[in-house]
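**Student:** My structure is below; once you've seen it, I'll send some questions.
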Amino acid sequence: MLGLMQDRPLLISSILEHAARNHPRSKIVSARPDGSLARHGWPEIAARAAQLAHALAKRGVQRGERIATLAWNDHRHLEAYYGISSMGAVLHTVNPRLFPGQIAFILEDAQDTHLMVDPTLWPVVEGLADKLPASLRAIIVMGEAAQLPAETRLRGRVEILAHEALIAGEPVRFDWPDLDERTASSLCYTSGTTGEPKGVLYSHRSTVIHGLSALQRDAFGFGALDVVMPVVPMFHVNAWGIPYSAAMAGSSLVLPGPKLDPASLHRLFEEEGVTFSAGVPTIWTALLQWLRADPARRFSKPPRLVVGGTALPTAINAGFLKEYGVRILHAWGMTETSPLGTANAPKVENADWDDDRFLDYARKQGRPLYGAEIRVRDAEGKEIPHDGVAFGELEIRGPWVASAYFNRKDDPAFTPDGWFRTGDVVTVDELGCIEIVDRAKDVIKSGGEWISSITLENLIMGHPKVQEAAVIPMHHPKWDERPLLLVVPKSGEAPTAEEILAFYEGKVAKWWIPDAVEFVESLPHTATGKLWKAELKARYRGRSAAAE
Ligand code: AMP
């Protein structure tokens, strides 16, 4: 027997209409590159999204057609999020920090017909002049006509339009189509640190369910009174779904634009009363150091932060909580998982732990949110015991997890029984909390045993003279691989290799301690701010450890 409830489709247009109708006074603040602020409300965002959809429809944009964006977190990007998906086209967010060759590959693979680009990112487009796909009909510069490039190699090759001129005079209401909720809504490519980037194609249904789930109190948990600032870029995994969750909750949004330095962010926190923010650890590490540089720098009202993308160093978490009263929630996710999979909020079993104990535990990535089922299997395919020691590859399934890559058939990441293999190697403890031990490809295989590069990196980040660290394998004649530790010292510090290695004693098994330390000025990062291990491994390929 079927239930007798209404079968309204889960559509992105419904989120926008809800926010515009019920939360007209919540503010959408958008920082321009010069630091000035644009102010709107949800009704204006809805009106401008409708105008954009009308303009695109007039240009012949059909359902399913891909419209790319190269843009920061700002109101025009937000309008594109809603307008493009709601009309039935596909919003394709492109990471401007990728190499030109990768961007060209992605645009070609997606067969985008329009590219919306922030004026500050015009040089990226110019660099692609000879590589733009034949499918591209127009480039829309996200600004006024005066912001169109004066001189460009692209003139005459593709139509170049100004966003404001394009939407001017269009109707401010759009009769959004009643799409099938499984219709594709947006497309984001994985960062592709190894191999070619792969497209993850989200649906209206997956986006709405993920957005609702993210609003659980033990996840983002924000409400109508929150002022939410996604620092995580809107070109990466839909800014973790925050633009959708915020509209569902009726929250205010602060979109920080291209300037993500600590002083600019802190100004927004203070002046706009930001209560919730989310981003990768690098951002918060820089903010913490900046705060510490001057005792007058405080938060008048400590915000809540969610951190993910790479592991949250305990020292950063502890610094924020103890010195600034800022609580950080550590979460895990991937492009393929929309992204939220797990979050480390306390539960009955550890509700009574004091701050120090929980701060140590918060290095772990957390427990699954409802909707994200996980299993962890070892190399033989057997599920590992939940003892916090054994490790295996994390697999996940759920209504907001990818079932295939765009344009690709039969990727081995998808198991025959319907799970997605994450490539993350994890332990699971008695509380069901996962801890990422490594990426499957980055663990150091020493004499048939695995050493977690990430554990070694996190530990050494607690050393007072260490700014950043990476652990990569070097060849060893007897053990195959041994860890090499690369350290960026804090400015003004000159630690010795001995004092760095001594820091590991008593904290890890003796055979885990790296064989060598090298001091470097900086470490390479991927376009999404992660340590770029593939590049480091290539750089140090010739390096071998001495045989004992
Ligand atoms: P991406 O698809 O580019 O967002 O990258 C996803 C990958 O980032 C995951 O598979 C993890 O390896 C890593 N990652 C995400 N969140 C965390 C976290 N909290 N701790 C450690 N690694 C993380």
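Offset between the sequence shown (1-based) and my numbering: plus 33. From the three backbone atoms N, C-alpha and C, an ideal C-beta is built for every residue, glycine too.
1. Just tell me which of Leu248, Gln500, His558 has its CA closest to the CA of Ile533.
2. Could you pull out every residue in the same chain whose Cβ sits closer than 6 Å to the Cβ of Met120, ignoring the five residues on either side in sequence?
3. Is any heavy atom of ligand 1 found at a distance shorter than 7 Å from the C-beta of Ile633?
4. Suppose contacts are defined by Cβ-Cβ distances below 8 Å. Is Arg472 in contact with Gly451 by that definition?
5. Looking at the structure shown, is Thr146 part of a helix, part of a strand, or coil, going by DSSP?
6. Could you compute how far the alpha carbon of Val541 sits from the alpha carbon of Thr375?
7. Among Gln398, Pro291, Pro547, Ser246, which has the Cα closest to the Cα of Val459?
8. Can you give me the C-alpha to C-alpha distance between Glu229 and Gly341, rounded to a whole angstrom?
9. Roughly how many angstroms separate the alpha carbons of Asp211 and Leu324, rounded to a whole number?
10. Taking 7 Å as the line, does the beta carbon of Leu150 fall inside it for any heavy atom of ligand 1?
11. Name the residue from Thr561, Ala535, Ile546 whose alpha carbon lies nearest to the alpha carbon of Ile487.
12. In three-state terms, what does DSSP make of Thr185?
13. Would you kindly report the start and end of the unbroken alpha helix (DSSP H) that includes Pro314?
14. If I measure Cβ to Cβ from Val553 and keep anything under 8 Å in the same chain, skipping five residues before and after, which residues do I get?
15. Specify, as a first and last residue, the run of the alpha helix (DSSP H) that Pro276 falls within.
16. Is Thr318 near ligand 1 - that is, is its Cβ less than 7 Å away from at least one heavy atom of it?
17. Please go through the region 384 to 444 and give each complete beta strand (DSSP E) segment of 3 or more residues, from N-terminal end onward.
18. Closer than 7 Å: is that where the CB of Arg96 sits relative to any heavy atom of ligand 1?
19. Just how far apart, CA to CA, sit Leu392 and His363?
20. My assumption, with CB atoms under 8 Å, is that Ser219 sits in contact with Ser118. Please give the rounded CB distance.
21. Please identify the residue among Val270, Leu248, Arg54 whose C-alpha is closest to the C-alpha of Met367.
22. In chain order, which alpha helix (DSSP H) runs of at least 4 residues are fully inside the region 168 to 240?
23. Is the beta carbon of Leu165 sitting closer than 8 Å to the one on Pro129?
24. Taking the beta strand (DSSP E) that Trp365 falls in, what are its first and last residues?
25. CB of Ile469 to nearest heavy atom of ligand 1: below 7 Å?
26. What does a CB cutoff of less than 7 Å around Glu490 pick up in its chain, not counting 5 residues either side in sequence?
27. Have a look at Leu373, Asp327, Asp389, Ala326 and flag the residue whose alpha-carbon is nearest the alpha-carbon of Leu354.
28. Compute the Euclidean distance between the alpha carbons of Ala437 and Arg215, then round it to the nearest angstrom.
29. Specify the secondary structure class of Pro522 as computed by DSSP and reduced to three states.
30. Rank Ala79, Ala143, Asn383 by C-alpha distance to the C-alpha of Asn440 and give the top, closest one.
31. Is Asp385 near ligand 1, judged by its Cβ being under 7 Å from some heavy atom?
32. Buried or exposed: where does Met267 fall if 16 or more other Cβ atoms within 10 Å of its Cβ makes it buried?
33. Ends of the beta strand (DSSP E) at Lys594?
34. Which word fits Gly232, buried or exposed, when buried means at least 16 other C-beta atoms lie within 10 angstroms of its C-beta?
35. Mind pulling the alpha helix (DSSP H) runs of 4 or more residues that sit fully within the region 79 to 157?
36. Does the region 244 to 264 come within contact of the region 381 to 388, defined as at least 3 CB pairs closer than 8 Å?
**Tutor:** Quick answer:
1. On the sequence shown, position 500 is the one that residue 533 refers to. Measuring from the Cα of Ile533, the nearest candidate turns out to be Gln500.
2. For the purposes of this step, residue 120 is identified with residue 87 of the sequence shown, where counting begins at 1. Correct list, in chain order: Ala86.
3. Look at the range of the chain in this structure, 34 to 581, and you will see that residue 633 is not part of it.
4. In the sequence shown, the residue the question calls residue 472 occupies position 439. In the sequence shown, the residue the question calls residue 451 occupies position 418. Taking 8 Å as the Cβ cut-off, Arg472 and Gly451 do not qualify as a contacting pair.
5. For the purposes of this step, residue 146 is taken as the residue at position 113 of the sequence shown. DSSP places Thr146 in coil when its eight states are reduced to three.
6. Mapped onto the sequence shown, residue 541 falls at position 508. Mapped onto the sequence shown, residue 375 falls at position 342. For Val541 and Thr375, the distance between alpha carbons rounds to 26 Å.
7. Position 426 of the sequence shown, counting from 1, holds the residue named residue 459. Nearest of Gln398, Pro291, Pro547, Ser246 to Val459, Cα basis: Gln398.
8. As a working note, residue 229 is residue 196 in the sequence shown. As a working note, residue 341 is residue 308 in the sequence shown. Answer to the nearest angstrom: the Cα atoms are 23 Å apart.
9. In the sequence shown, residue 211 corresponds to position 178, counting from 1. In the sequence shown, residue 324 corresponds to position 291, counting from 1. Answer to the nearest angstrom: the Cα atoms are 49 Å apart.
10. Here the question's residue 150 lines up with position 117 in the sequence shown. Checking the sequence, you will find Val at residue 150 rather than Leu. Result no, Cβ not under 7 Å from ligand 1.
11. Looking up residue 487 in the sequence shown gives position 454. Ile487 has its Cα closest to that of Ile546, out of Thr561, Ala535, Ile546.
12. Looking up residue 185 in the sequence shown gives position 152. In this structure, Thr185 counts as coil in the three-state DSSP scheme.
13. Here residue 314 refers to the residue found at position 281 of the sequence shown. That run of the alpha helix (DSSP H) goes 314 to 325.
14. Along the sequence shown, one-based indexing puts residue 553 at 520. Excluding positions up to five away in sequence, the list reads Leu519, Val520, Val521.
15. Within the sequence shown, the letter at position 243 stands for residue 276. Where Pro276 is concerned, the enclosing alpha helix (DSSP H) stretches over 275 to 282.
16. Stepping through the sequence shown from its first residue, residue 318 is reached at position 285. Every heavy atom of ligand 1 is 7 Å or more from the Cβ of Thr318, so no.
17. You should have 406 to 410, 424 to 430.
18. Translated into positions along the sequence shown, residue 96 becomes position 63. Not one heavy atom of ligand 1 lies closer than 7 Å to the C-beta of Arg96.
19. Here residue 392 is taken as the residue at index 359 of the sequence shown, counted from 1. Here residue 363 is taken as the residue at index 330 of the sequence shown, counted from 1. Distance between the alpha carbons of Leu392 and His363: 10 Å.
20. By 1-based counting over the sequence shown, the position of residue 219 is 186. By 1-based counting over the sequence shown, the position of residue 118 is 85. Ser118 and Ser219 do touch by the CB rule: their CB atoms are close to 6 Å apart, below 8 Å.
21. Residue 367 sits at position 334 when you count from the first residue of the sequence shown. Ranking Val270, Leu248, Arg54 by Cα distance to Met367 puts Val270 first.
22. 196 to 200
23. Taking the sequence shown and counting its residues from 1, the one referred to as residue 165 is at position 132. Taking the sequence shown and counting its residues from 1, the one referred to as residue 129 is at position 96. No.
24. Along the sequence shown, one-based indexing puts residue 365 at 332. Its beta strand (DSSP E) spans residues 360 to 366.
25. Position 436 of the sequence shown holds residue 469. Indeed, a heavy atom of ligand 1 lies less than 7 Å from the Cβ.
26. Residue 490 sits at position 457 when you count from the first residue of the sequence shown. So the qualifying residues of the chain are Ala502, Ala503, Val504.
27. Here residue 354 corresponds to residue number 321 of the sequence shown, with the count starting at 1. With distances taken between Cα atoms, Leu354 lies closest to Asp389.
28. Position 404 of the sequence shown, counted from the first residue, corresponds to residue 437. Position 182 of the sequence shown, counted from the first residue, corresponds to residue 215. Roughly 14 Å separates the two Cα atoms.
29. The count along the sequence shown starts at 1 and reaches residue 522 at position 489. Reduced to three states, the DSSP call for Pro522 is strand.
30. If you number the sequence shown from 1, residue 440 lands on position 407. With distances taken between Cα atoms, Asn440 lies closest to Ala143.
31. Residue 385 sits at position 352 when you count from the first residue of the sequence shown. No, ligand 1 has no heavy atom inside 7 Å of this Cβ.
32. Position 234 of the sequence shown, counted from the start, is the residue given in the question as residue 267. Classification for Met267: buried.
33. Given that the chain is displayed from residue 34 to residue 581, the structure contains no residue 594 and the question cannot be resolved.
34. Here residue 232 is taken as the residue at index 199 of the sequence shown, counted from 1. The residue is buried, with at least 16 neighbouring Cβ atoms inside 10 Å.
35. 108 to 119, 133 to 143
36. no
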